[in-house]
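Before any comments, here is the structure.
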């Protein structure tokens, strides 16, 4: 029997138009198969595609709705399925999905929201903006699908391409050095900077130049197999042994993650995301925003419980999911809202950096609450009904099909159930001084343990294959738990504590849904945003000094 999956494809800049030469390829994949190594040692991700659809010959604007048909007999209840999207133009990939979008089995349905990304550009955009006042030039030969938007696409690049760039084989690495060791442009380079993936700096080791490595997510990206991960660790130790080199994370979680597996005391060089040029400017009638929650079941329960809690309090607060309010939004949209409520899916995201820098008040679950939620969600049962209050809370995508920064800053706050520990959107929203609400550590731990809400904290989690151990062992003492163990409360709680939303000041944490409702009512959001603004101003000065010291050291 033929069945259908319905979905919507989103992009952070949802007012962006795809002209009619863009081709949108939508795949239903069986992702039960694991990643394997090819014969030449390069890293290959194998998907078993069940169904495929192509949208073409028509101009479209994000978000883009689609339906995808599949044969029911091809689906097995014990398997894992995901929707993958690739958008190409002029023979080049422009957008891709970089995370898992589960459907059909294991509690997931036949409706899905998919976010596409222009890979790697946000961390690079941020560092260029941070260092604009320094006498520094960048050579950026990008293999990202988004490079056309910044005119940085690699031209006449030898050896590397979009296929092998993430994980070149040892042979290709040697060939790369031989081709470029006497290259006139390469000889102008004093510093190599690597972000996403960190492993790309292995290519540059033979050139014997200064390296600055800043992990913006789990550093083993592209090096998931045991042998290649261990080889990367050895190379990072070699790099770290040179005092002219820098090993860092743009968040504490990834710095500690590197230390756990390598013993390297990575520093934190946080993302600033000052490029948003937006700040908290709340407008009346704008609802509190709930940041996107990736787990569909938990998303429904969270909104229902919060609504009931507010009703019991007999107050009227407008709370909506971000996508209820905006289909397309920009920074200026976010800063108009009173605050943002988070149930985080990751421990650090660039969107969190951005929102904090925009001075938007942020509500997060406390450390204890997030731990509890991740471990055992049973405590959250219809708590909101008792409060009998009226607060307008909506999902962001219920409010906006398209939104920009200026939309977000008009809302009172953003509520998060995080799917990652660090995201660039979080950086952006914080820099816009938007109040942010997040579950406490204990609550998020409970939610994640039972509902896997922070689903992109680990690479196995992004594929829906949660594991109880890493492919390799850590090098620290045995009392520090494995960061990739998704079946141990203590391990989950220990590593979630390093998430951005537990490290930054002025984020509002809630211990339960009732606690969130009370804080939505009673929190002085203007004061929270002002405190964020002061912190962001001081952080800008601190980062400038930090980079100045680095450049002085490596002269």
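Numbering (our numbering), first residue to last: 594 to 1148. Every residue, glycine too, gets a C-beta built ideally from N, C-alpha and C. Just so it is clear, the structure is predicted and the values come from calculations on it, not from any experiment.
By the criterion of a C-beta distance shorter than 7 Å, residue 1100 is surrounded in its chain by 955, 957, 1029, 1031, 1094, once the five residues flanking it on both sides are discounted. Ranked by Cα distance from residue 894, the first of 624, 1105, 815 is 1105.
Residue pairing by DSSP puts residue 842 in a beta bridge opposite 808, 861. Judged by DSSP secondary structure, residue 622 falls within the beta strand (DSSP E) whose first and last residues are 615-623.
Only residues of its own chain outside the window of five on either side were considered, and among them 676, 677, 678, 679, 707, 708, 709, 710 have a CB closer than 8 Å to the CB of residue 690, listed in chain order. 671 is the residue among 671, 665, 616 whose C-alpha sits nearest the C-alpha of residue 1058.
Taking the C-beta atoms as reference points, residue 992 is found nearer than 8 Å to residue 917. Classified as buried, residue 1003 has 16 or more neighbouring CB atoms from the shown chains inside 10 Å of its CB. Ranked by Cα distance from residue 1076, the first of 928, 851, 919, 963 is 851. Taken atom to atom, the span from the alpha-carbon of residue 781 to that of residue 772 is near 15 Å. The Cβ neighbour count for residue 1146, taken over all protein chains shown within 10 Å, is under 16; the residue is labelled exposed.
Following the DSSP letters along the chain, one finds residue 600 inside the beta strand (DSSP E) bounded by residues 595-603.
The beta carbon of residue 752 is closer than 8 Å to those of 761, 765, 768, 769, 772 in its chain, skipping five residues each way along the sequence.
For the pair of segments examined, the segment 863-878 was found to touch the segment 1126-1144: the number of CB pairs separated by less than 8 Å reaches three. Note on geometry: alpha-carbon atoms of residue 650 and residue 612 lie some 9 Å from one another. In the three-state reduction of the DSSP assignment, residue 1061 falls in the coil class. Within the segment 885-931, the runs of beta strand (DSSP E) at least 3 residues long that lie entirely inside it are, in chain order, 910-914, 919-923. Spanning the alpha carbons of residue 1021 and residue 594 requires a straight line of approximately 45 Å. Annotation for residue 682: the continuous beta strand (DSSP E) segment containing it runs 674-682. In this chain, residue 1135 is not harboured by any beta strand (DSSP E); it is covered by the alpha helix (DSSP H) spanning 1118-1146. Burial check for residue 1090: the Cβ neighbour count within 10 Å reaches 16 or more, so the residue is buried.
Ranked by how close their Cα comes to the Cα of residue 845, the residues 617, 812, 625 have 812 in first place. In this structure, the alpha-carbon of residue 1034 lies about 19 Å from that of residue 946.
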